[in-house]
């Protein structure tokens, strides 16, 4: 009978909770390996290797002023910069940059 | 998976080669164009019951190549794409887009322009 | 005397999943001719290979398409590895195969949902995609991304899957296989679905060969062809099952893809059983100098990658010939003589991926 196949699923749909989550009130916990955003720490020597290898050009380094800048929304979280950094100053964190109305550029500098 | 060695043919032998492949029941896999040091190189790739056969032609950007869409109907898509990207003319295509297959900001972006090095 | 009119279909249309434009010449609700117009998503990615270092181009290659993303990255890496004569450690090859087959499953599940949506069965669409979420969670668990994995590199893979994660993949796939059986019964057995799929868009074996159809499109018309039989990567060590049907209609294409999901699940179980321990990458020096042609079996069919290098960091030429490009003439053929209401279903049965086609 054609509609018997669906009756079981329909009844299950009626009695079970929704398959979707009420985001943003309820967020899904991220996996350990989730590629969320790039974090910087001050072992950076401002060599600019990460800038050259970034496929989207999201990074900028100012050696004289000792700053490291990332355009959060140009970054595609590929992890190339994390791999090539000679001092292992960059790491991939598993939480995403929150949605915003404009593209943001984050600037990092070593603490004085 | 090592590539099979390729054959080089002259542009005049193209239609005969395509006919020959068709008689053997080969499928046309793709037609590709690349820029070489002086000119353009066309690659016609065929699939002969799983075996990959590649045929190369050396042509000049101003040449007019006979379309093989009389033998392989679907070749018209590849030839129109090459015409749009490289500006190489194919004559007697089954369906002719006249170089406007893609909407692009520059015409024939892959063609050699003045000031390009090899 | 019936009048002919032209209906423009696409690139934006509620049931059209991909931005292709077709001018449908119709005569009294029957399509007489279809004239395609592509180029809405042309991003010039092949030209970009000339300005991105070949090691970094992987990230661009895998963004050619979102659905076939992993296979594009894998194919690019395989083409460059062949030019540079790199042979990968077996564990890296097995990991690539596992991800590639998971990609195939997720792509087919997505396609099934879209097909159900095309003939108006939204509940089934949602069920397929709910099942697909499990596979996407597997991707995020192992690679960090749901759609774009960034896990292939020239010389191997960037991340390893440990034994625990392999166990999770096995158990999730077993659950997916059971729930998929339910969806399969509806697709293949339900009367209303059959009414929309059977005898629609028939492509005979001779036509499929004459038009150069590839992938499930060719296999559902009776042509036995699967690029994986060439034995690239480690497919020659895993028994392959080529699934064909002879009817050549939309129902056959749907059945072929469903069987392929089962076959891929079995293949992954076999690969997990056989995966050896060892390195996941091989280091290399230098740049590609030479050319190569590599063919893979994407979910949509045979894809070809052509790479030319001249010893510098930038590739001379990178060419992708995607399966949808090869299936487009077959699409134009099956649309002829059919009624307008069936056009979305027929377009979907070739599994169009216009992002891949236009790069």
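Protein chains in written order, with this note's numbering: chain F, 796 to 907; chain Y, 14 to 131; chain G, 133 to 491. Where is the CB? At the ideal position from N, CA and C, for every residue including glycine.
Asked                                                                                                                                                                                             : Found
What is the rounded straight-line gap between the Cα of residue 90 of chain Y and the Cα of residue 412 of chain G?                                                                               : 40 angstroms
Around the C-beta of residue 80 of chain Y, are 16 or more other C-beta atoms found within 10 angstroms, so that it is buried, or is it exposed?                                                  : buried
Can you tell me whether residue 131 of chain Y is helix, strand or coil according to DSSP?                                                                                                        : Low local confidence applies: a pLDDT of 43 at residue 131 of chain Y is under 50, so the model's placement there is unreliable, and no value is given.
Which of the three DSSP states, helix, strand or coil, is assigned to residue 155 of chain G?                                                                                                     : strand
State whether the region 299-309 of chain G contacts the region 332-346 of chain G, with contact taken as three or more CB pairs (one from each stretch) at a distance under 8 angstroms.         : no
If you measure between the beta carbons of residue 99 of chain Y and residue 28 of chain Y, is that distance less than 8 angstroms?                                                               : no
Straight-line CA distance for residue 115 of chain Y to residue 460 of chain G?                                                                                                                   : 15 angstroms
Put residue 137 of chain G into one of helix, strand or coil per three-state DSSP.                                                                                                                : strand
Would you mind sorting residue 272 of chain G into buried or exposed? The rule is 16 or more other CB atoms within 10 Å of its CB.                                                                : buried
Short of 9 angstroms Cβ to Cβ, which residues in the region 266-277 of chain G face chain F?                                                                                                      : 269, 272, 273, 274, 275, 276 and 277
I need the boundaries of the alpha helix (DSSP H) containing residue 30 of chain Y, first residue and last residue.                                                                               : 27-36
Can you list the residues of chain F that residue 307 of chain G reaches, using a CB-CB cut of under 9 angstroms?                                                                                 : In chain order: nothing, as chain F lies at least about 15 angstroms away.
Which term fits residue 371 of chain G, buried or exposed, when burial requires 16 or more other beta carbons within 10 angstroms of its beta carbon?                                             : exposed
Whole angstroms is fine: what's the gap from residue 497 of chain G's alpha carbon to residue 280 of chain G's?                                                                                   : One cannot answer for residue 497 of chain G here, as it falls past the ends of chain G, which runs 133 to 491.
Three or more C-beta pairs closer than 8 angstroms, one from the region 31-42 of chain Y and one from the region 56-65 of chain Y: is that the case here?                                         : yes
Return yes when at least one heavy atom of the ligand FAD lies under 7 angstroms from the C-beta of residue 236 of chain G, else no.                                                              : The ligand FAD is absent from the structure shown, which contains no ligand whatsoever.
Between G/390, G/475, G/156 and G/222, which lies nearest to residue 310 of chain G when the distance is taken from Cα to Cα?                                                                     : G/390
Quick check: the Cα distance between residue 902 of chain F and residue 882 of chain F, rounded to an integer number of angstroms?                                                                : 19 angstroms
Inspect the beta-carbon positions of residue 433 of chain G and residue 420 of chain G and report whether they are closer than 8 angstroms.                                                       : no
Can you tell me whether DSSP reads residue 873 of chain F as helix, strand or coil?                                                                                                               : coil
Just mark residue 131 of chain Y as buried or exposed, buried being the case when its beta carbon has 16 or more other beta carbons within 10 Å.                                                  : Low confidence applies here, because residue 131 of chain Y scores a pLDDT of 43, under 50, leaving its location unreliable; read the following figure in that light. Exposed: under 16 other Cβ atoms inside 10 Å.
Kindly indicate which three-state DSSP category residue 416 of chain G falls into: helix, strand or coil?                                                                                         : coil
Considering only C-alpha positions, which residue in the set G/157, G/217 and G/142 is nearest to residue 424 of chain G?                                                                         : G/217
According to DSSP, simplified to helix, strand and coil, what is residue 866 of chain F?                                                                                                          : strand
Mind checking residue 821 of chain F: buried by the 16 CB within 10 Å criterion, or exposed?                                                                                                      : exposed
What would DSSP say about residue 281 of chain G, mapped onto helix, strand or coil?                                                                                                              : coil
Assuming the contact rule is C-beta atoms closer than 8 angstroms, residue 211 of chain G and residue 439 of chain G should be a hit. Round their C-beta distance to whole Å, please.             : 4 angstroms
Have a look at residue 487 of chain G and residue 173 of chain G and give me their C-alpha separation to the nearest angstrom.                                                                    : 6 angstroms
Could you check whether the Cβ of residue 282 of chain G sits closer than 8 angstroms to any Cβ belonging to chain F?                                                                             : yes
Excluding the five sequence neighbours on either side, which residues of its own chain have a C-beta within less than 7 angstroms of the C-beta of residue 193 of chain G, listed in chain order? : 204, 205 and 208
At a CB distance below 7 angstroms, what residues from the region 461-474 of chain G approach chain Y? Give them in sequence order.                                                               : 461
Taking beta-carbon pairs under 7 angstroms, can you tell me which members of the region 815-826 of chain F lie near chain G?                                                                      : 826
List the whole-angstrom C-beta distance separating residue 472 of chain G from residue 186 of chain G, where the pair is believed to meet the contact cut-off of C-beta under 8 angstroms.        : Between residue 186 of chain G and residue 472 of chain G the Cβ distance is about 47 angstroms, and since that is not below 8 angstroms, they are no contact.
Kindly say whether residue 492 of chain G, judged by its beta-carbon, lies nearer than 8 angstroms to any beta-carbon of chain Y.                                                                 : Because chain G is modelled from 133 through 491, residue 492 of chain G falls outside the range shown and cannot be assessed.
Could you tell me whether the Cβ of residue 103 of chain Y comes closer than 8 angstroms to any Cβ of chain G?                                                                                    : no
Just checking, does the region 231-247 of chain G make contact with the region 256-268 of chain G on the three C-beta pairs under 8 angstroms criterion?                                          : yes
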